[in-house]
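Protein chains in written order, with this note's numbering: chain A, 61 to 172; chain B, 14 to 125. Glycine included, every Cβ here is placed at the ideal spot set by N, Cα and C. Each remark here refers to the structure printed beneath this line.
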């Protein structure tokens, strides 16, 4: 199975600061279709996960544009330009290129 | 609006069975693959089972293969997860998912 490694494990930031989360995969996530199925989701405390980004950099319509995703092959990054209070929770990267789907262990964003 | 509503969770003894349901609305159910994902208390996310839109093919990780069965009733827009021979390590919140959308989850506790 593809191993997804996220860093850091936790982040403590003040509102308005930028955030960056790294996700590395044990093999390339570029599929035979030419697409890279790397997603990001956010799980707020006590809630189910919510979708943020799909195929590396595409934001779902309801996601604020302070979020962005980038990367290729085996290295990916989620960035928040200016953290807001509603952004706290655990962020997971998730690959769907190779069977079975696998997840990173999560990065907990806390507010300072 | 896409909605996924799980039910059927609860406390069950090791070795017993439980069947989860997920009622979908807001989209054409029979057009989409569906997936169950679980999260043990305080832990990360684990893919449990997937089923094609017609129900003709199903997929499982080794951890549940032979014990869990995913199925669907497209006429009722309902997804199921039959869980047999339950173990303590199956204790988790189980989420019904479709392409980035997640239900609210249902808790399954396996304990004597």
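List the residues of chain A that residue i touches, going by C-beta distances under 8 Å, in chain order.
i: residue 114 of chain B; result: 111
i: residue 108 of chain B; result: 108, 109
Quickly, what does DSSP pair residue i with across the bridge? List them, please.
i: residue 45 of chain B; result: None, per the DSSP bridge assignment.
Just to make sure I have the definition right: I need the residues of chain B whose C-beta is within less than 9 Å of the C-beta of residue i. Which are they?
i: residue 160 of chain A; result: 60, 63, 72, 73, 74
Taking C-beta pairs closer than 7 Å, name the residues in chain A that residue i reaches, listed in chain order.
i: residue 117 of chain B; result: 108
i: residue 22 of chain B; result: Correct list: empty, because the minimum Cβ distance to chain A is about 13 Å.
Find the residues of chain B that neighbour residue i, judging by a C-beta separation of less than 8 Å, and give them in chain order.
i: residue 165 of chain A; result: 57
i: residue 152 of chain A; result: 57, 58
What's the call for residue i, buried or exposed, on a 16-neighbour Cβ count within 10 Å?
i: residue 109 of chain A; result: buried
i: residue 161 of chain A; result: buried
i: residue 44 of chain B; result: exposed
i: residue 85 of chain B; result: buried
i: residue 39 of chain B; result: exposed
For residue i, is the beta carbon positioned less than 6 Å from some heavy atom of the ligand MN?
i: residue 119 of chain A; result: Among the components modelled here there is no ligand, and therefore nothing to report on the ligand MN.
*Any residues in the stretch 65-77 of chain B with a beta carbon nearer than 8 Å to a beta carbon of chain A? Which ones, in chain order?*
72, 74
_For a minimum of 3 consecutive residues, which ranges assigned as the beta strand (DSSP E) are wholly contained in the stretch 93-128 of chain A?_
98-103, 110-114
*Identify each residue in the stretch 35-62 of chain B for which the Cβ-Cβ distance to at least one residue of chain A is less than 7 Å, and report them in chain order.*
Within the stretch 35-62 of chain B, the qualifying residues are 57, 58, 60.
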